[in-house]
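One line per chain: the protein sequences are L and A, in this order. My numbering puts the last residue of the first sequence at 1249; the count rises by one with no breaks. My numbering puts the last residue of the second sequence at 1249; the count rises by one with no breaks. Ideal Cβ positions, reconstructed from N, Cα and C, are used throughout, including at glycine.
Number of protein chains: 2
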Amino acid sequence: MGASKLSIHTEHQQQIAEIAKVLAHPARVAILEYIAKQKNCICGDIVDEIGLSQPTISQHLQVIRNAGLLKGTFEGKRLCYCLDHDRFQEFQQLLNDYFHQTVVSDCC
Amino acid sequence: MGASKLSIHTEHQQQIAEIAKVLAHPARVAILEYIAKQKNCICGDIVDEIGLSQPTISQHLQVIRNAGLLKGTFEGKRLCYCLDHDRFQEFQQLLNDYFHQTVVSDCC
DNA sequence: TATTATCATCGTAATATTGCAATATCATAT
DNA sequence: ATATGATATTGCAATATTACGATGATAATA
């Protein structure tokens, strides 16, 4: 198959999985790091920074954008991508909640 | 392709991606939740709990085990799967560090 | 020993992901 | 209006993931 049986899981479980999927590729981890530290919204050189082709970067960016992590706007001639601070923090919060909620009962 | 170009990313970026991959499927999120709350190491009924076949659960468990999240032992006739508390906390810590390290400079 | 219960592995099918070349789009500059 | 530069989209190939039936391995029990 390859398609996951979504209906059998809770909304919350799917939400955590969706969030994790964004971080589940090193290129996206790298892109997020790079975009985050850009102070001046000049984001056109992600391709040079990461060692992947422009279409591939664009594809990863779409995954990040679909997750709601990008605030985009235009500045001069370049399209600007900025990390959405609030959404990024929401990611952190949701994952943190998951870890806190999932209390491991010491057994073995 | 489908294979990711690992060499171009840092160890740390790959580590975050590896961790995220474990959580990147709702079934594994559900399995982790379920195993965590089991107090008495009776773990044979994950299959009944989650709505997936035994081989599929076993496959997901292998992903979780490969990530170092399982402490296994025997108890009576049943193989026991328990969440490794320390490793689970390490996951939390590493993700938390990533979020803290990735400080978003407010630009747009 | 034979049976049963439990979990792992194998084989296979369907789908998803990753990556890039080619091409399209679109804002800006000339 | 046309050319240029930057990003998005399309199409395709290779690989990974997800799922399950069939089968194998192993421990407890009859």
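* **Beta-carbon spacing of residue 1235(A), residue 1245(L) below 7 Å** => For this step, residue 1235(A) is matched to residue 94 along the second sequence. For this step, residue 1245(L) is matched to residue 104 along the first sequence. Not a contact, by the Cβ cut-off of 7 Å.
* Asked: What are the boundary residues of the alpha helix (DSSP H) that residue 1149(A) is part of?
  -> For the purposes of this step, residue 1149(A) is taken as the residue at position 8 of the second sequence. Run containing residue 1149(A): none; DSSP gives neither H nor E here.
* In the structure shown, what three-state DSSP assignment does residue 1193(L) receive? -> As a first step, residue 1193(L) is located in the first sequence; it is residue number 52 there, counting from the start. Correct three-state label for residue 1193(L): coil.
* If we cut at 7 Å on Cβ distances, does residue 1170(A) have a partner in chain L? -> Within the second sequence, the letter at position 29 stands for residue 1170(A). Residue-level contact by beta carbon holds for residue 1170(A) and chain L, with a gap shorter than 7 Å.
* Asked: Counting Cβ pairs closer than 8 Å, one from the region 1192 to 1201 of chain A and one from the region 1192 to 1209 of chain L, do we hit at least three?
  -> no
* To do: Please compile the residues from chain L whose C-beta is within a distance smaller than 8 Å of the C-beta of residue 1246(A).
  => The residue you call residue 1246(A) lines up with position 105 of the second sequence. Here the neighbours are 1177, 1178, 1179 and 1180.
* Return no unless some Cβ of chain A is closer than 7 Å to the Cβ of residue 1192(L). => Walking along the first sequence from the start, residue 1192(L) turns up at place 51. Taking Cβ atoms only, chain A reaches closer than 7 Å to residue 1192(L), which makes this a yes.
* **For residue 1164(L): DSSP bridge partner residues** => By one-based count along the first sequence, residue 1164(L) stands at place 23. Looking at the DSSP output, residue 1164(L) shares a beta bridge with no other residue.
* For residue 1153(A) versus residue 1171(L), is the C-beta distance shorter than 7 Å? -> As a first step, residue 1153(A) is located in the second sequence; it is residue number 12 there, counting from the start. As a first step, residue 1171(L) is located in the first sequence; it is residue number 30 there, counting from the start. Taking 7 Å as the cut-off, the beta carbon of residue 1153(A) is found no closer than this to the beta carbon of residue 1171(L).
* Asked: Can you find a CB in chain L that lies within less than 7 Å of the CB of residue 1208(A)?
  -> Taking the first residue of the second sequence as position 1, residue 1208(A) is located at position 67. Chain L contact via Cβ: absent.
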